[in-house]
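Numbering (the numbering used here), first residue to last: 3 to 201. Beta carbons are placed, not taken as given, at the ideal position from N, Cα and C, and that holds for glycine. Take a look at the structure below.
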């Protein structure tokens with residue numbers, strides 16, 4: 003998880019009900035959608051008669067239970083989300099769309115800078131959340147939208163671990179930095195689960 007100096011608040015919705023849950027490790031906002039039909043149980047999966055852990059064998063090798071997608075609002079990220087949504091629908095997997103707010107830049111060097119940067123990020127997250135809701139409307143998949151703070155590559159891996167996801171999907175971009183720039187290369191080298199870079 004992230005450092006203990008950050009805090010987490012989780013907002014989940016199912017039909018008209020919502021709830022907020024707090025922990026002390028990172029800020030994560032989650033908006034969830036669940037189709038009414040009952041889903042197969044994916045978490046955790048075990049091989050009968052064996053004591054395998056997900057990291058030793060099953061992670062990404064026994065079908066897909068969860069798919070994490072990096073989102074930053076760019077066309078490339080929505081293209082990646084569309085590809086992942088199709089895969090999630092076919093495999094009855096949970097789709098987790100993640101926006102990682104990068105912290106630690108110049109804007110975070112002062113309390114006022116932190117406030118301004120956080121407000122801007124909140125505005126972007128809210129806009130992106132509405133776009134995701136519209137984008138996935140009518141697609142019969144379980145999905146969550148998660149707002150995470152930290153390093154993008156590390157954040158995607160942490161959310162994937164939290165959800166016991168089997169796959170991380172990101173879009174390809176020509177940008178050198180940010181979620182869809184150098185992040186795919188970092189994930190391909192460092193991630194403990196399969197990574198798909200959608201062209």
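From residue i to residue j, what distance separates their C-alpha atoms?
i, j, result
"residue 169", "residue 187", "15 Å"
"residue 142", "residue 199", "23 Å"
"residue 154", "residue 195", "16 Å"
"residue 202", "residue 94", "Examination of residue 202 is not possible in this model, given that the chain is present from 3 through 201 alone."
"residue 156", "residue 140", "31 Å"
"residue 103", "residue 86", "21 Å"
"residue 72", "residue 101", "6 Å"
"residue 171", "residue 191", "14 Å"
"residue 124", "residue 74", "13 Å"
"residue 185", "residue 150", "15 Å"
"residue 201", "residue 167", "21 Å"
"residue 132", "residue 138", "10 Å"
"residue 136", "residue 193", "30 Å"
"residue 68", "residue 189", "17 Å"
"residue 89", "residue 146", "15 Å"
"residue 162", "residue 129", "23 Å"
"residue 152", "residue 70", "16 Å"
Hey, residue i and residue j are a contact pair by Cβ (cut 8 Å); roughly how many whole angstroms apart?
i, j, result
"residue 144", "residue 92", "Wrong, their Cβ atoms sit about 13 Å apart, outside the cutoff."
Let me check one thing: in DSSP terms, what residues is residue i bridge-paired to?
i, result
"residue 159", "Residue 159 is not bridged to any residue."
"residue 144", "96"
"residue 151", "103"
"residue 72", "100"
"residue 210", "Coverage of the chain is limited to positions 3 through 201, which leaves residue 210 absent and any answer about it impossible."
"residue 199", "172"
Sort the options by Cα distance to residue i and report the nearest one.
i, options, result
"residue 81", "103, 134 and 193", "134"
"residue 79", "88, 89, 99 and 125", "99"
"residue 197", "151, 127, 87 and 159", "159"
"residue 165", "174, 132, 152 and 148", "148"
"residue 127", "76, 173, 201 and 84", "76"
"residue 174", "69, 68 and 83", "83"
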